[in-house]
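One rule links them: number in our numbering = place in the sequence shown (from 1) + 151.
Below: one structure, written as structure tokens.
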Amino acid sequence: MALLLRNEFPDADIDKVVNMCLIHDLGECFTGDIPTFLKTDAERKTEDSLLKKWIDSMPVEVADDLTALFSEMEAQKTTEAKIYKALDKLEALIQHNESPLNTWSENEFELNKTYAFDTVSFSEWLTELRKAILEDTIEKISAEGSSFDTDIS
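This is the structure:
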């Protein structure tokens, strides 16, 4: 997704955004992909610790670059970090819209309607994309979910 936004954000370093997107889930290589609304503080701490250990095992130049990039991502101060975070959240919503409703947990019906609006608010273009994703969510739930049993068992 980031690669396709070069023209939408001409003042941003899209190569940096692509790098952020590529590495943002490295910690999950060690712990698995736990949905953010289920992940505990202890699991976050374990993930961060294992990731730091892995980064520290890299050559100094690589470790320094990754550490700086992660710090920028966490600080959420730069346009690039904000774009990466917005895309991370929007991609999750798009995945939900593409998956069958019987794979959604009960809280995801409301979450898909409200999630990430704050994250995209810095960009009119991303805000419009978020609204389009919301329209898809509402259409999906209306078409498939009016009498849908959200019990996954």
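All C-beta atoms in this analysis are idealised placements derived from N, C-alpha and C, irrespective of residue type, glycine included.
#1: Does the contact criterion of 3 or more C-beta pairs under 8 Å hold for the stretch 192-202 versus the stretch 236-243?
#2: Quick one, which of Ala267, Ala232 and Glu295 has its alpha-carbon nearest Thr254's?
#3: Contact between the stretch 200-209 and the stretch 272-287 is defined here as three or more beta-carbon pairs at a separation below 8 Å; is this criterion met?
#4: Determine, for Cys172, whether the minimum Cβ-Cβ distance to residues of chain B falls below 9 Å.
#5: Within its chain, find whatever has a CB closer than 8 Å to the CB of Phe268; leave out the 5 residues flanking it on each side and keep chain order.
Taking the structure as given:
#1: no
#2: Glu295
#3: no
#4: In the displayed structure, chain B is absent; only one protein chain is listed.
#5: Thr278 and Arg281
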